[in-house]
Each structure stands twice: as C-alpha cells, then as structure tokens.
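Residue numbering for the sequence shown is 0 to 423, as defined by numbering that gives the first Met the number 0. Virtual Cβ for every residue (Gly too), placed ideally from N, Cα, C. Beneath this line is the structure, given in structure tokens, with notes to follow.
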Amino acid sequence: MSDSQPQPPRRPGNSGSSGSDDGPRHGATALLLSRARLTDGRTVDVRISDGLIEAVGTAGSLSAHGASRVDLAGFLLLPAPAEPHAHSDIAMTADAEGPVSYAAQDVQRRATEAALLQLGHGATAQRSHVRIGDVQGLGPMAAVLRARRSLRGLVDLSAVAVPRLLTGTAGADGLDMLRDAVKMGATVVGGCPDLDPDPTGYVERVLEVAAEHGCPVDLHTEGDDPARLARLAAMAGGLRPGVTIGPCGGLSRLPLEVAVRAADQLAAAGVGVVCQPQGGCGGVEQRGIAPVRLLRAAGVRLAAGSGSLRDVANPVGRGDPLEAAYLLASQCGMRAQDAYASVAAAAREAMGLPEVRLEAGFPAELVAVRGERLSGVLSLAYSRIVVHRGRVVARTSAVREYCDSVAAVELELPRQGRGGAAGA
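Structural data, given as structure tokens:
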C-alpha cells in the first residue's frame, strides 16, 4: 500500500531568489526511483511526474509503467542540498599564473564549471556572490548570468550583486551599478559592508535598493563588531523577502555574553546566518566558523554554505554541501540530522526556495547517496545520483576494490562491485 498517495501537484512559489523560471521542464517525464532507503528506515518507491513527487509507497508498490526507472537499492534518498554561498566568478583561480582573467568567456567558463561541480555534489540550487564595480564593471555579472541561462534545466543558479563601495564620492558609481545589476538579472543584493569606510551607510544603501526592487539581501560580514551587528539588526528587522548575513566567524571571537546578545538581536530581527565550515571566503579577511550552537540556541535561522571553491581564499575548497554538514557534525557537535538540515532545508529557506520533503506534492529536488544511515552518508559520501526538476541530472560513481581476502569472506564484510543499475 502506498504510504503517500498521489495528490494534486503543488507548485510553491519562491521569493525570486532562485534565478530560474517556471517554463518548460526540459524533457520532463515520469521517473520511478525504486528501493530507496529513507532516513526513517523505510525502503520505498518514489514516483515523480512533471517535476513533482507524485507518490511515495513501500518498495514494489508503485508501477514503472510509462516511467524511467532508477534502482536505488543501497542508496539513502534525501532532499537535495542547496548552496547558499558560492563565488563562481572567481572559482578555480587559485593556481592561475598572473592576474586572474575577467574576460567574459573566462568568467562564464569558471561559473559553469563551478556550478556543475557543485551540482555533482547534489546542490540543485546555488547562490553565487558576484563582484561588480572597479575596472570590471558589470562584466562578471553579465558572464555569470549567461552561465545561468546555459545551465537552465540542470541547476538553478542565482546571482548576488556585490559592489565594493557604496558611500562617499566613490560609492555613487557603485550604487548606480548595483541598481543596474538588478535590472540585468541579479536577484539578490549584497556586498561587504566591513570593507566600506561607512559600514552603516553601506547597509542602508543595500537595504534601500532591496526595498525598491523587492529583492532579498545577502551580506558578507565577519560579525566581530557587536555595535555594527545591532545597527544592522535594527535596520533589517521586518524587511521582506529577508536578510541573510555570513560567514560571521568573528562572532566566535567575541566575549560570550556579547555574542549571546548579538545572536538574540539577529533572531529578533529575523536575520539569518550562513556559516562556512569549509574555510575561507573572499569577502572577509579572517578564518573561523560562526558559533553555530550559540546561534541555534538563540533561534537564529542558521544555514551552511561552501564559500570559496579553489580560489585564493581557499585553494582546496571543495564546494561540497555534504562536507559542510560533515564538519558541522564532527567539529561543532551537531547531530547528523541537524547538520544535514543546515545544508538542505535551512539553505533552501535562506534562498527563498520552496520546501522539499519525501512526500507527494513536493518538488522533486533529491539526492541519493550510497549508504544506509545519514551519519554514514556524511562520513563516506562517495557515490551520488542527483535529481533536479524530476529528472536525473548528475551521477557520481565511486568503486572501492580490495585484493581477495579470506577474512572478508568469512566475516561477510560488505563489498562494492562495478555492477548495479544505479552505479556503485
């Protein structure tokens, strides 16, 4: 018997931060994911149609008639993670000889490669912070938006406009450019107030542009100045569709009582925080992770992002949401379920995207990872199958082989082979 009966398709809207449209679903067809394991221990079939989960039933209960079938035996099926904080315009530049090229073709190639790499990890929605201004002007933004269009149907890529200065004489050009970036297609306004001579004035201008265009706000800040955080919370309170800041590693360096007060102020204002467990980010000067347990205790909406992907700020950045969740669990003491939620449900919420559940009527944004339990998946997240808008868009297969061992046979230890419909 089906555990989740077919329901009329629901198409939840979003806040406009995904950068995608509701157009054709690029060859959308019915898909049956069979024998998938869920985190509650059930083994199920999942039928998908028109980009939505149509039904979830016990294994063997759903027909594959008219649907492509993918056997997920041995895989844990999860809502797909999202990437709320990437830098695709400067990704893959750590080993560049000489100055980084900002030629349109080079930026577009980097943005495309970064997006596909992160899609292979499972991130079907990604938010990229793109620098504008200086000699490059709006060139990097235009290139990232071209990459977004070319990737439509594979991954939802949204762009955050990040001007360098917004106050004083020099900031006038930055303010005009910020407005132009939104008109071009940037769906989020942001920036680095810490780097402006007048951080409060910078935030005021960002919020002004966001209010004009109805855009979300996503700001880079170390969060090491409690007075500045208090002013930001006071200005941002009640702004819709919302304000997010990160990576806020400086909060961990504040005295405990000061950090608690700042966290309470952010929670009261509805300001979310995106931490970066994997390390450096080009928008801030120091490393360190935000005090995630303190922020969660205060009721702050906490998500996790990857930050830099093999640029100078983090030459070994992987851009892998599951690694971010692993670090939250191993280094910050979060439960595996909460750690994964930080890169999945919470990340999607921070990006204004509709909720995903393994239930009928929800968007078919899914990732299957070889393993039986979430803790094991976060530990050894090798083979993955990614579903976006109801179709398989990426597969990563890893095979581990050993020489023949009598001990392995006698103890009936699990072995991986090269066969299997879903890949090893």
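Cβ separation of residue i and residue j, assumed to be a contact under 8 angstroms, to the nearest whole Å
| i | j | result |
| --- | --- | --- |
| residue 279 | residue 249 | Their Cβ separation, rounded to whole angstroms, is 14 angstroms, which puts residue 279 and residue 249 out of contact at 8 angstroms. |
| residue 389 | residue 51 | 7 angstroms |
| residue 302 | residue 345 | 4 angstroms |
| residue 54 | residue 30 | Actually they do not touch by this definition, with Cβ atoms about 12 angstroms apart. |
| residue 103 | residue 79 | Not a contact, Cβ separation roughly 30 angstroms. |
| residue 118 | residue 153 | 6 angstroms |
| residue 132 | residue 321 | Incorrect: roughly 34 angstroms between the Cβ atoms, too far for contact. |
| residue 347 | residue 368 | Not a contact, Cβ separation roughly 18 angstroms. |
| residue 157 | residue 181 | Not a contact, Cβ separation roughly 12 angstroms. |
| residue 36 | residue 42 | 5 angstroms |
| residue 442 | residue 238 | Any answer about residue 442 is impossible in this case: the structure gives the chain only from 0 up to 423. |
Reference residue i, options the options, closest by Cα
| i | options | result |
| --- | --- | --- |
| residue 242 | 264, 349 and 183 | 349 |
| residue 295 | 277, 338 and 315 | 338 |
| residue 255 | 395, 235, 268 and 291 | 291 |
| residue 64 | 88, 32, 87 and 89 | 32 |
| residue 229 | 105, 210, 165 and 262 | 262 |
| residue 209 | 133, 185 and 61 | 185 |
| residue 84 | 307, 28, 372 and 91 | 307 |
| residue 259 | 140, 233 and 298 | 298 |
| residue 68 | 75, 355 and 48 | 48 |
| residue 225 | 219, 265 and 200 | 265 |
| residue 164 | 72, 325 and 176 | 176 |
| residue 56 | 150, 357 and 135 | 357 |
| residue 393 | 73, 36 and 114 | 114 |
| residue 146 | 362, 385, 277 and 88 | 88 |
| residue 313 | 199, 328, 276 and 107 | 276 |
| residue 173 | 316, 134 and 237 | 134 |
| residue 86 | 387, 324, 127 and 238 | 127 |
| residue 386 | 70, 123 and 60 | 123 |
| residue 160 | 96, 333, 319 and 178 | 178 |
| residue 95 | 72, 311 and 289 | 311 |
| residue 370 | 39, 75 and 289 | 75 |
| residue 90 | 139, 81, 333 and 199 | 139 |
| residue 39 | 399, 232, 373 and 402 | 373 |
Exposure label - residue i; buried when at least 16 CB within 10 Å
| i | result |
| --- | --- |
| residue 21 | A caution first: residue 21 carries a pLDDT of 46, below 50, which makes its placement in the model too unreliable to give a value. |
| residue 309 | buried |
| residue 26 | Low confidence applies to residue 26: its pLDDT is 49, below 50, so where it sits in the model is not reliable, and the reading given next is rough at best. Looking at its Cβ environment, which holds fewer than 16 other Cβ atoms inside 10 Å, residue 26 is exposed. |
| residue 305 | buried |
| residue 214 | buried |
| residue 246 | buried |
| residue 410 | exposed |
| residue 111 | buried |
| residue 191 | buried |
| residue 431 | The structure shown does not extend to residue 431, since the chain is modelled only from 0 through 423, so no value can be given for it. |
| residue 62 | exposed |
| residue 421 | Confidence is the limiting factor: at residue 421 the pLDDT is only 46, short of 50, which leaves the residue's position unreliable, though a coordinate-based value still follows. The residue is buried, with at least 16 neighbouring Cβ atoms inside 10 Å. |
| residue 45 | buried |
| residue 354 | exposed |
| residue 364 | buried |
| residue 98 | exposed |
| residue 325 | buried |
Per DSSP, cross-strand counterpart(s) of residue i
| i | result |
| --- | --- |
| residue 390 | 387 |
| residue 164 | Per DSSP, none; premise fails for residue 164. |
| residue 214 | According to DSSP, residue 214 bridges with nothing at all. |
| residue 125 | 82 and 156 |
| residue 64 | In DSSP, residue 64 forms no bridge with anything. |
| residue 395 | 383 |
| residue 361 | Answer is none; residue 361 lacks a bridge partner. |
| residue 306 | 85 |
| residue 301 | 272 |
| residue 220 | 246 |
Where the alpha helix (DSSP H) through residue i begins and ends
| i | result |
| --- | --- |
| residue 225 | 225 to 235 |
| residue 376 | 373 to 378 |
| residue 253 | No alpha helix (DSSP H) holds residue 253; DSSP gives it neither H nor E. |
| residue 240 | Neither: residue 240 is in no alpha helix (DSSP H) and is coded neither H nor E. |
| residue 366 | From DSSP, residue 366 is part of no alpha helix (DSSP H) but of the beta strand (DSSP E) over 365 to 369. |
| residue 105 | 103 to 120 |
| residue 326 | 320 to 331 |
| residue 141 | 138 to 149 |
| residue 96 | Taken as a continuous stretch (DSSP letters only), residue 96 belongs to no alpha helix (DSSP H), as it is neither H nor E. |
| residue 339 | 335 to 342 |
Bounding residues of the beta strand (DSSP E) (the contiguous stretch that carries residue i)
| i | result |
| --- | --- |
| residue 425 | Since the first residue of the chain shown is 0 and the last is 423, residue 425 is not available in this structure. |
| residue 133 | Note, residue 133: premise wrong, no beta strand (DSSP E); not H, not E. |
| residue 271 | 271 to 274 |
| residue 54 | 51 to 57 |
| residue 292 | Premise fails: residue 292 lies in the alpha helix (DSSP H), 291 to 297, not in any beta strand (DSSP E). |
| residue 35 | 30 to 36 |
| residue 44 | 42 to 48 |
| residue 68 | 67 to 70 |
The ligand GDP heavy atom lying under 7 angstroms from the CB of residue i
| i | result |
| --- | --- |
| residue 363 | With respect to the ligand GDP, the structure shown offers nothing to examine, as it has no ligands at all. |
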